[in-house]
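Note that the working numbering has the sequence shown beginning at 2, numbered continuously upward. Where is the CB? At the ideal position from N, CA and C, for every residue including glycine.
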Amino acid sequence: MTLSADLKFLYDDPYQGRGARRKYDGKVNLHDPQRFQLVSQLEEGVSLYTAVVWSVSLKRKVPLAYLLQADTSRPTYVVLFSTDLEIDPVFLYRCYAARFQIEFVFRHARQFTGLADCQFRLPESIDIHVNASLMALNLAKAALQQSQPTTDPLSFSIASLKRLALNVHLLDVGVA
């Protein structure tokens, strides 16, 4: 969700008795999480808040998962949402995290292992091509894991792995 999204808090106080029932209780200020409900601390300095709000553009209620990182000099936040009103905010956060990991894998497969270069028409041939592309990506990641010390966190980039393989090849050709 963009940070400029038009969101409104829902009014849940009792009816005042005059005029139409009040629907909204003010605009959502994403810089101020005071009206959100704290769900949990995900990591040190990262808090997960939630609220069900009205989205003007979607014309429906949406549950927000609001991640606030307050330990930096300038607090930063991320706003995630779903159209399922019953979704757990922690589950919503985990789904978004998994989604971005999956997108990262497919982006690498498209850019570096030829996932999008298939010209087959038979479904079996396409399956083989996709599996070979993803297997090449997994083998590259396994080779990188073996080369890095186990104490360091794995920072995987197939571009750097390709550069490393090219440098090793050029050294072999230059030395021989």
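- Taking 3 residues as the shortest admissible run, the region 50-119 contains the following complete beta strand (DSSP E) segments, listed from N- to C-terminal end: 61-70 and 77-82.
- If you draw a straight line from the Cα of Phe105 to the Cα of Val57, it comes to about 31 Å.
- Burial check for His170: the Cβ neighbour count within 10 Å stays below 16, so the residue is exposed.
- Between the region 69-77 and the region 90-105 there are fewer than three inter-stretch CB-CB distances shorter than 8 Å, so the stretches are not counted as touching.
- Counting along the chain, no alpha helix (DSSP H) covers Glu44; the unbroken beta strand (DSSP E) around it starts and ends at Gln38 to Glu44.
- Taking the Cβ atoms as the reference, Trp55 lies roughly 6 Å from Leu11, within the contact range of under 8 Å.
- Pairwise C-beta distances place the region 111-121 out of contact with the region 88-98, as fewer than three of them are shorter than 8 Å.
- The C-alpha of Gly27 lies about 16 Å from the C-alpha of Leu65.
- In this structure, DSSP gives Gly175 a helical state, which the three-state scheme calls helix.
- The DSSP-derived three-state label of Leu11 is strand.
- Ser48 is bridged by DSSP to Gln42 and Leu69.
- If you draw a straight line from the Cα of Ser158 to the Cα of Leu140, it is about 13 Å long.
- For Pro34, the closest C-alpha among the options Tyr67, Asn168 and Ile129 is that of Tyr67.
- In this structure, Leu49 places its C-beta atom within 8 Å of the C-beta atom of Ser41.
- If you ignore the 5 residues before and after Arg111, its C-beta comes within less than 8 Å of the C-beta of Ala117, all in its own chain and listed in chain order.
- Beta bridge pairing from DSSP links Lys142 with no other residue.
- For Asp26, the enclosing beta strand (DSSP E) covers residues Tyr25 to Lys28.
- By the criterion of a C-beta distance shorter than 7 Å, Val29 is surrounded in its chain by Leu8, Lys9, Phe10 and Val54, once the five residues flanking it on both sides are discounted.
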